Amino acid sequence: MSKPDELLVNVAALVESGQSNQMSLTVVTGGAVITGRLAPEAVWRERVSEVLTDSARLGEFSAIFTATPSTEGPPTHLHFHVARILQGTVGIPETGGMYRISIKDVSAWTVGDFSYSDN
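Note that numbering that gives the first Met the number 0 has the sequence shown beginning at 0, numbered continuously upward.
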C-alpha cells in the first residue's frame, strides 16, 4: 500500500498502547502470507534480544534490540510473535517466529490467524 491503511494503523496503535497482545492477524506482504499474534514493539524487541543473547553465535547482536523504540507518530510496523509464514498446507517455522513488517508493504489483511495442517 503506498498509503498505509488507516484501519490497520489503528489496530497497530491499539496493540502498541499495551492494552493487548492477543490480536491475531493475517497479512499478505511481498507475496507471502504471514499469520500470528501482534505484540507491542517493546515486547517484541525484548523477546528478540533474549533469543539472540541465548545464541553462542549471535549474542553480540542482542544489544541492538534493547534500544527504546520511537513513540512519535503512528506505528509504521507490525510486530508479530508466535507467527508463521504459510506455504501450502505448512506453517514455517513450525514453532512460530518473530516478524517485523512495514505497514506500508501490507497489500491485504484480515483479523484472525489462519490454521494450517501438516497432513
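Just so it is clear, CB atoms sit at the ideal spot from N, CA and C, and this is done for glycine as well. These figures come from a predicted structure and were not determined experimentally.
Pull up the distance between the alpha-carbon of residue i and that of residue j, whole angstroms please.
i	j	result
G17	E40	10 Å
A38	M22	8 Å
P3	V105	8 Å
K103	V8	9 Å
T75	E5	11 Å
E45	P73	21 Å
G30	G111	19 Å
R56	E71	34 Å
S54	T25	29 Å
Q86	P92	10 Å
Our contact map puts residue i next to residue j with C-beta atoms below 8 Å; I'd like the distance itself, whole angstroms only.
i	j	result
I100	F113	Their Cβ separation, rounded to whole angstroms, is 16 Å, which puts I100 and F113 out of contact at 8 Å.
In chain order, what residues of the same chain lie with their CB nearer than 7 Å to the CB of residue i, ignoring the 5 residues before and after it?
i	result
S48	S61, F64 and T65
G58	L51 and T52
Y98	I33, F79 and A82
Beta-carbon within less than 8 Å of residue i's beta-carbon, same chain only, minus the 5 sequence neighbours each way: which residues are those?
i	result
G90	T34, R83, I84 and Y115
N20	V14, R36, L37, A38, P39, V42 and H80
G95	G35, H80, V81, A82 and R83
A11	L37, P73, P74, H76, L77 and I102
W108	D4, L7, L24, T25, V26 and V27
P68	E40, A41 and R44
Problem - Contained beta strand (DSSP E) runs [length at least 3] in the region 55-114, N- to C-terminal order - result: Here the runs fully enclosed are 76-86, 89-101 and 105-110.
Practice task
Starting from the N-terminal side, write out each stretch of the alpha helix (DSSP H) that is 4 residues or longer and does not extend beyond the region 16-52.
Solution key: As far as the region 16-52 is concerned, its whole alpha helix (DSSP H) runs of at least 4 residues are 40-52.
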